[in-house]
Amino acid sequence: MKQLTKAEEDIMKILWKLGEGNVAAIIDELPKPKPAYNTVSTIVRILESKGFVAYRKEGRGHIYFPKVKKTEYSNQSINKLVDGYFQGSFKSMVSFFMKKNDISINELETIMKEINKEEE
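Residue 42 in full-length UniProt numbering sits at position 42 of the sequence shown, and the numbers go up by one each step.
So, in structure tokens, the structure goes:
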């Protein structure tokens, strides 16, 4: 799976949230100052060429929807982060974030409970 640029990721986040939408609906969700219609349309077409977005015709326009689930992309991004910066070790990543973010024992226990819940 290809990595997305920041702009592409912003558009995907909106499509994941909306489920589907035309370019105008995507623009409505973007913060001000709003980008030009053509800019968003171009990014959506790039996402389509990368296999992240598909569309169906509706009237004279297109309704775009995500082909890649948010969880799939998130998992791939996290794995790339772990491989690239922590030599593939989740333990090293968690240790790094614990040291940098001053995680309390209660927060760590909560994280462990969530991990254990996922394994069941």
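Where is the CB? At the ideal position from N, CA and C, for every residue including glycine. These numbers were taken from a predicted model, which means no experiment stands behind them.
| Query | Result |
| --- | --- |
| At the level of alpha carbons, what is the spacing between residue 12 and residue 2? | 13 Å |
| Please report the residue range of the alpha helix (DSSP H) in which residue 8 lies. | 6 to 18 |
| In this structure, what does DSSP give as the bridge partners for residue 66? | 53 |
| Please name the residue or residues paired with residue 58 in a DSSP beta bridge. | 61 |
| Roughly how many angstroms separate the alpha carbons of residue 84 and residue 92, rounded to a whole number? | 12 Å |
| Can at least three beta-carbon pairs, one atom from the stretch 36 to 44 and one from the stretch 67 to 76, be found at a separation below 8 Å? | no |
| Compare the C-alpha of residue 67 against each of 81, 10, 59 and 49 and name the closest. | 49 |
| Rounded to the nearest angstrom, how far is the Cβ of residue 63 from that of residue 20, given a contact under 8 Å? | 5 Å |
| For residue 27 and residue 34, which I take to be in contact (beta-carbon distance under 8 Å), what is that distance rounded to the nearest angstrom? | 6 Å |
| To the nearest angstrom, report how far apart residue 18 and residue 94 are at their CA atoms. | 32 Å |
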